[in-house]
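Q:
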Amino acid sequence: CQKYPRIHNVVVSNFQNVKEELFELIVNSHLDLTISIDGAHKETYEKIRVGASFDKLIKNIQKLHDTANKFNKNLFLNINFVIIKENYKEMLDIFNFAIKYKFRQVSFIGGHVNDPEKDLSDTEKDIVKKQFNEIKKIS
2 CQKYPRIHNV VVSNFQNVKE ELFELIVNSH LDLTISIDGA HKETYEKIRV GASFDKLIKN
62 IQKLHDTANK FNKNLFLNIN FVIIKENYKE MLDIFNFAIK YKFRQVSFIG GHVNDPEKDL
122 SDTEKDIVKK QFNEIKKIS
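Residue 2 is where the sequence shown starts when you use my numbering, and the numbers rise one by one after that.
1) Report buried or exposed for N61, applying the criterion of at least 16 other Cβ atoms within 10 angstroms of its Cβ.
2) Please report how far the alpha carbon of H31 lies from the alpha carbon of N10, in whole angstroms.
3) Compute the distance between the beta-carbons of I128 and F96, then report whether it is under 8 Å.
4) Find the nearest neighbour of V19 within the set K64, D39 and Y102, judged by alpha-carbon distance.
5) Give me whichever residues DSSP pairs with D120 in a beta bridge.
6) So the alpha helix (DSSP H) N29 belongs to, where does it begin and stop?
7) DSSP on F77, reduced to helix/strand/coil?
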């Protein structure tokens, strides 16, 4: 990344198993880090991302910010949020999470499960649309 500054690099991760030496590498490599976060709250996040720890996620995000501050670097953090039945009501919450933890972007991705019982109902889709509109107003 440093040798070719015009090349734009993006890394996508769940940011769970981050080795200590990777924090400095991420901060000093001028890359965009996209973290997949499918729940704005511990219970939802851990239900969707089985085996993942919301507390570890927060700890790693804070450690990354601490490392960036140490080297006086800016971070380019993004969130991928896949909208599914378990989390569709948390869109506004993940947007606020992004602000709190200094993410630059949230990508809302429609989840497709090809199962009528797990697909969002029309009422749930209306709730998603209302949240999009609310996010547009405040962003």
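Cβ coordinates follow ideal geometry from the N, Cα and C atoms, glycine included.
A: On the basis of the supplied data:
1) Taking all protein chains shown into account, N61 has 16 or more neighbouring C-beta atoms within 10 Å of its C-beta and is therefore buried.
2) Near 8 Å, if we compare the C-alpha coordinates of N10 and H31.
3) Going by C-beta atoms, I128 is not nearer than 8 Å to F96.
4) Comparing Cα-Cα distances from V19 to each of K64, D39 and Y102, the minimum goes to K64.
5) Answer by DSSP bridge pairing: none, since D120 is not bridged.
6) Segment E21 to N29, the alpha helix (DSSP H) holding N29.
7) Strand, per DSSP.
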